[in-house]
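From first to last, the protein sequence lines stand for chains A and B. Position 25, counted from 1, in the first sequence is what the working numbering calls 25; the numbers after and before it change by one each time, with no gaps. Just remember that the working numbering sits 1000 ahead of the position in the second sequence, which is counted from 1. C-beta: ideal position from N, C-alpha, C; glycine also. I have placed the structure first, in the form of structure tokens, so that the comments after it can refer back to it.
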Amino acid sequence: MTTKELAGTSVDVDAEGFLTDHTIWNLDLAAAIAREEGIDPLTDRHVEVLNFMRKEFEENGTAPSIRKMNKLNIVPTKELYALFPGGPAKKAAKIAGLGKPQGCI
Amino acid sequence: MSEQPEPIKKVSLIVSKGSLVDVYPALVMGNGARMEGMDASIFFTFFGLGALIKKTQNSLKVATVGNPAMNMAMPMLKMPITMPFPTLLGAIPGVSNFATWMMKNEMENLDIPTIPEFLEMFTDAGGEVFACKLAMDMFKLTKDDLCDQVSSVLTVGEFYERSAGASIIFT
């Protein structure tokens, strides 16, 4: 675990840069992580997806799968890949302040 | 210190067999590659084409004959994993259907999509699905027989051209 300066505060992250405590998350932190991941600006549509992921995480203890978000009409798979290019599940989870996704699908 | 190995940027998977469990690994690995931001394509040839044919892609079966590792499926029946499953039992009519039904249930529980849905998910994710021209000719198939996710019918040469720079994985 290391400490890192993000959006003017110092936060604890793991070796791959995921927040170790998801409860400290806020939109400023999300925007800062997104910038590091090459996503700038973070749009309302991004935030909608992030909020859904966080809600699911709080209810089930894991971030939702890409399939689930598609099936529940939260975000179609194509759009998710466009919103978070180059590895949507991992990037979205990182920006949402959640741990690295554990699923294979 | 040794140099960091170059990360994989592109994978080309080949599916040449057509049982349910022959097709899934390539879909999981291809989709997984897209999830990690790699380019991915899957080339279906010979019996693997069955996964792309509109009339057959929903009815791929688990092969219950000639698989000495069928005991692996025993825990799905609440039996010990060490319990053997003789290949002769697998030849009884209905056994393959039952095993297929059981496997599909198990997969749905694990949030694994059906074959047609998986192909759609993979292409929505930016993956490409190819069919083998030679196998199409052999099985008297035309592009109209194949599902919409197939982007092209390729010769072997074209497959290699499109796989430039990729790790080629034969499943």
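Closest Cα partner of P100(A) within the set I1168(B), N1031(B) and M1035(B): Looking up residue 100(A) in the first sequence gives position 100. Residue identity differs from the one stated: residue 100(A) is Lys in this sequence, not Pro. When each option's Cα is compared against that of K100(A), the closest is M1035(B).
Bridge-paired residues (DSSP) for C1132(B): Translated into positions along the second sequence, residue 1132(B) becomes position 132. Note: C1132(B) sits in a beta bridge opposite L1154(B).
Three-way DSSP call (helix, strand, coil) for A1040(B) in this model: By one-based count along the second sequence, residue 1040(B) stands at place 40. Residue state, collapsed to three classes: strand.
8 Å Cβ shell around K1055(B) - same chain, five flanking residues per side excluded: As a first step, residue 1055(B) must be located in the second sequence, where it is residue number 55. Counting only Cβ-Cβ distances below 8 Å, and skipping sequence neighbours, we find D1145.
Distance, K90(A) Cα to G1018(B) Cα: On the second sequence, position 18 is the one that residue 1018(B) refers to. On the first sequence, position 90 is the one that residue 90(A) refers to. Distance from the CA of G1018(B) to the CA of K90(A), rounded to the nearest whole angstrom, comes to 31 Å.
8 Å contact criterion, which M1102(B) and F1085(B) should meet: CB distance rounded: Position 102 of the second sequence, counted from the start, is the residue given in the question as residue 1102(B). Position 85 of the second sequence, counted from the start, is the residue given in the question as residue 1085(B). Between F1085(B) and M1102(B) the Cβ distance is about 12 Å, and since that is not below 8 Å, they are no contact.
Below-8 Å beta-carbon distance, E1128(B) vs any chain A residue: Indexing the second sequence from 1 puts residue 1128(B) at position 128. Residue-level contact by beta carbon fails for E1128(B) and chain A, as no gap is shorter than 8 Å.
Interface residues of chain B facing G87(A) [CB-CB closer than 8 Å]: Reading the first sequence from its first residue, position 87 is the one you call residue 87(A). What G87(A) touches in chain B: M1035, E1036 and G1037.
Whole-angstrom C-beta distance between A1063(B) and V1023(B), which should lie under 8 Å: Working through the second sequence from its first residue, we reach residue 1023(B) at position 23. Working through the second sequence from its first residue, we reach residue 1063(B) at position 63. Going by Cβ atoms, the distance from V1023(B) to A1063(B) rounds to 12 Å, so no, they are not a contact pair.
Under 7 Å by beta carbon: chain B residues contacting S65(A): Locating residue 65(A) in the first sequence gives position 65, where the first residue counts as 1. Near S65(A) (Cβ distances below 7 Å), the residues of chain B are D1111.
M1083(B) versus C1147(B), V1129(B), P1068(B) and F1122(B), residue with shortest Cα-Cα distance: Mapped onto the second sequence, residue 1083(B) falls at position 83. Considering only alpha carbons, the answer is P1068(B).
Test: T77(A) CB closer than 8 Å to a CB of chain B: As a working note, residue 77(A) is residue 77 in the first sequence. Yes, because at least one Cβ of chain B sits closer than 8 Å to the Cβ of T77(A).
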